[in-house]
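With the sequence shown counted from 1, adding 11 to any position gets you the numbering used here. Think of the CB as a built atom: it goes at the ideal place given N, C-alpha and C, for glycine as much as any other residue.
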Amino acid sequence: MPQRAATIVGGGIGGLAAAIALHRRGWRVEVLERAPEFTEIGAGISLWPNALHALEALGLGGAVRALGAVEAAGGVRDRRGRWLSRTDNAELARRFGHPLVVLHRADLLRVLTEALPADSLRAGSEVSTVRDDSDGPVVGHRAGESRPDLVVGADGLRSAVRRALWPDAADPRYAGYTAWRMVTEPLAEPPSEGAATWGRGARFGYTALPGGRMYCFATASLPAGTSCGPSEYAELLRRFGSWPDPVPALLAAVPADAVLRHDLYDLPPLPSFVRGRVALLGDAAHAMTPNLGQGACQALEDAVTLAHCLDGTSDMAAALRSYDLLRRPRTQAITRRSARLGAVGQLSWPPAVLLRDTAARLMPTRATLRSMTPVLGWTAPGDLGTVAESERR
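Here it is in structure tokens:
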């Protein structure tokens, strides 16, 4: 079979993973990134067992795990700091084949970029047009035009590829709350367990990074575009400075100029992730809120699955149909589940908050882990899997 070419629009986690998966199957790839360099402006990222299975399929599992931190346990607390539920990371690994690993997004992006030929990475290449002609797809960008066999739209929530070829797709919808993300300076005694603390219309979470740092995140129910005080750091102190330990100490260890804030959106379901010889993946296809920590994890799954479907076949249309059938129902179900969890976490009416916290406290740990199986129990196509048989029952 002649060497095939793919143009990946978007140089984030999903786009780079798709490029790696195709490159390792003999494709000629180029990754078009509109930013002047391949870098990640962000904080921490949680890689759940399904994401680590995808990274193993890319040959990068060990390299990524070596850069991350594994906590002994984590869970959910109430506004007074009392545990509502807890999860043992060792049990997570036993059931699903890997623990939860947390690392800085920039470290993950570096591993991905280093796995590709340098001449395939084309920064500063903003895409202006995307079309699928009778002779094949065409991508117009700053350096000219690309005419590959396949275009992969991995360009995020406001995807230019989706806008061009899915003109009737609904706009992203605001989740009703905003989020702050930050990384602390190294702590002398970092918390041994991570936690998400649920308040009324607000949450604060933290988890360990390597080197004694902590990745922290917070949410608050606000109208989209709300301006918050003199600085985002000052707003965090105002809203969360009196929350239970260790929240005040964590905030004190955050550089005041290192707080990121984004309103949260997800994407209404698309009727297909495929249009001709163009496929969407990651946030471009199924942007979701971060409540399950699955945004990047699902993008990694997409990348591995897309390459698997295309492997060894010249029937591009059939391969892309398989990709759509495998990925769209799963990712759209996880998007809905994440939205529901976010709505529960953001409850503010006191009776509803009391009912939520009581239900969480009474749910057995085994039931919590079992409920995670549809999300975390994924293994790469062709892999016999490592999910414990007892978890499937």
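Residue i versus the options, residue with shortest Cα-Cα distance
i           : options            : result
residue 21  : 239, 290, 326      : 290
residue 364 : 211, 236, 106      : 211
residue 182 : 194, 390, 377, 277 : 277
residue 203 : 256, 154, 240      : 256
residue 200 : 224, 310, 194, 178 : 224
residue 112 : 105, 18, 62, 141   : 62
residue 18  : 143, 68, 264, 254  : 143
residue 238 : 195, 188, 220, 266 : 188
residue 275 : 207, 357, 281      : 357
residue 158 : 126, 337, 41, 107  : 41
residue 81  : 228, 115, 305, 137 : 115
residue 258 : 206, 368, 120      : 206
residue 405 : 250, 329, 341, 249 : Since the displayed the chain opens at 12 and closes at 404, residue 405 lies outside it and no answer follows.
residue 287 : 378, 141, 316      : 141
residue 72  : 147, 279, 234, 126 : 126
residue 92  : 179, 251, 226      : 251
residue 405 : 304, 305, 283      : Coverage of the chain is limited to positions 12 through 404, which leaves residue 405 absent and any answer about it impossible.
Assigned secondary structure, residue i (DSSP; H/G/I helix, E/B strand, else coil)
i           : result
residue 115 : strand
residue 383 : helix
residue 327 : helix
residue 402 : Any reading at residue 402 needs caution, since the residue's pLDDT is 37, under 50, leaving its predicted position unreliable; the model's value is listed next. Helix.
residue 294 : helix
residue 395 : The pLDDT assigned to residue 395 is 42, lower than 50, so where the model puts this residue is not dependable; a value taken from the coordinates is nonetheless given after this. Three-state result, residue 395: coil.
residue 27  : helix
residue 21  : coil
residue 227 : strand
residue 105 : helix
residue 6   : The structure shown does not extend to residue 6, since the chain spans only 12 to 404, so no value can be given for it.
residue 132 : strand
residue 140 : strand
residue 121 : helix
residue 281 : coil
residue 306 : helix
residue 32  : helix
residue 408 : Shown here, the chain extends from 12 to 404; a query on residue 408 therefore has no answer.
Rounded C-alpha distance that separates residue i from residue j
i           : j           : result
residue 110 : residue 387 : 10 Å
residue 186 : residue 236 : 12 Å
residue 390 : residue 216 : 28 Å
residue 299 : residue 361 : 27 Å
residue 334 : residue 124 : 24 Å
residue 373 : residue 101 : 22 Å
residue 325 : residue 15  : 10 Å
residue 48  : residue 367 : 44 Å
residue 161 : residue 177 : 16 Å
residue 218 : residue 192 : 12 Å
residue 381 : residue 353 : 20 Å
residue 395 : residue 98  : Its pLDDT being 42, under 50, residue 395 is placed unreliably in this model, and the coordinates cannot settle the point.
residue 195 : residue 262 : 8 Å
residue 403 : residue 384 : Confidence is the limiting factor: at residue 403 the pLDDT is only 37, short of 50, which leaves the residue's position unreliable, though a coordinate-based value still follows. The alpha-carbon atoms of residue 403 and residue 384 are separated by roughly 8 Å.
residue 230 : residue 90  : 14 Å
residue 28  : residue 69  : 8 Å
residue 340 : residue 136 : 32 Å
residue 351 : residue 145 : 42 Å
residue 209 : residue 131 : 44 Å
residue 266 : residue 118 : 20 Å
residue 104 : residue 349 : 22 Å
residue 180 : residue 166 : 15 Å
residue 307 : residue 50  : 15 Å
residue 147 : residue 327 : 11 Å
residue 302 : residue 108 : 22 Å
residue 198 : residue 222 : 8 Å
residue 54  : residue 12  : 42 Å
residue 156 : residue 23  : 21 Å
Contact test: residue i Cβ vs the ligand FMN heavy atom, cutoff 8 Å
i           : result
residue 297 : What this structure holds is no ligand at all, so the ligand FMN is not there to describe.
Chain B within 9 Å of residue i, Cβ atoms only
i          : result
residue 68 : No chain B is present in this structure, which holds just one protein chain.
Cβ pair count under 8 Å reaching 3, the stretch 281–301 against the stretch 162–177: With a cut-off of 8 Å, the stretch 162–177 and the stretch 281–301 count as touching, because enough Cβ pairs lie within range.
Stretch-stretch touch, CB-based, cutoff 8 Å, three pairs: the stretch 312–321 with the stretch 71–86: At 8 Å Cβ cutoff, the stretches do not touch.
Residue ranges of each alpha helix (DSSP H) within the stretch 312–379, 4 or longer: Counting only runs that start and end inside the stretch 312–379, the alpha helix (DSSP H) elements of at least 4 residues fall at 327–356, 361–373.
Contiguous alpha helix (DSSP H) assignments of at least 4 residues, all confined to the stretch 245–270: With a minimum length of 4 residues, the continuous alpha helix (DSSP H) runs that stay inside the stretch 245–270 are 258–263.
Sequence ranges, alpha helix (DSSP H) only - wholly within the stretch 37–100, length at least 4: You should have 60–68, 72–76.
Cβ contact (3+ pairs, closer than 8 Å) linking the stretch 244–252 and the stretch 261–270: The stretch 244–252 makes contact with the stretch 261–270: 3 or more CB pairs, one atom from each, lie closer than 8 Å.
Within the stretch 153–210, ranges of the beta strand (DSSP E) (whole runs, at least 3 residues): Runs found: 155–157, 161–164, 184–194, 206–209.
Sufficient close CB pairs (3 or more, under 8 Å) joining the stretch 30–42 to the stretch 83–95: No, the stretch 30–42 is not in contact with the stretch 83–95.
Three or more C-beta pairs below 8 Å linking the stretch 54–71 and the stretch 296–313: Using a Cβ-Cβ distance cut-off of 8 Å, the stretch 54–71 and the stretch 296–313 are in contact, since at least three pairs of beta carbons, one from each stretch, lie closer than that value.
Segment contact flag, the stretch 331–351 with the stretch 46–61, C-beta cutoff 8 Å, min 3 pairs: The stretch 331–351 vs the stretch 46–61: no contact.
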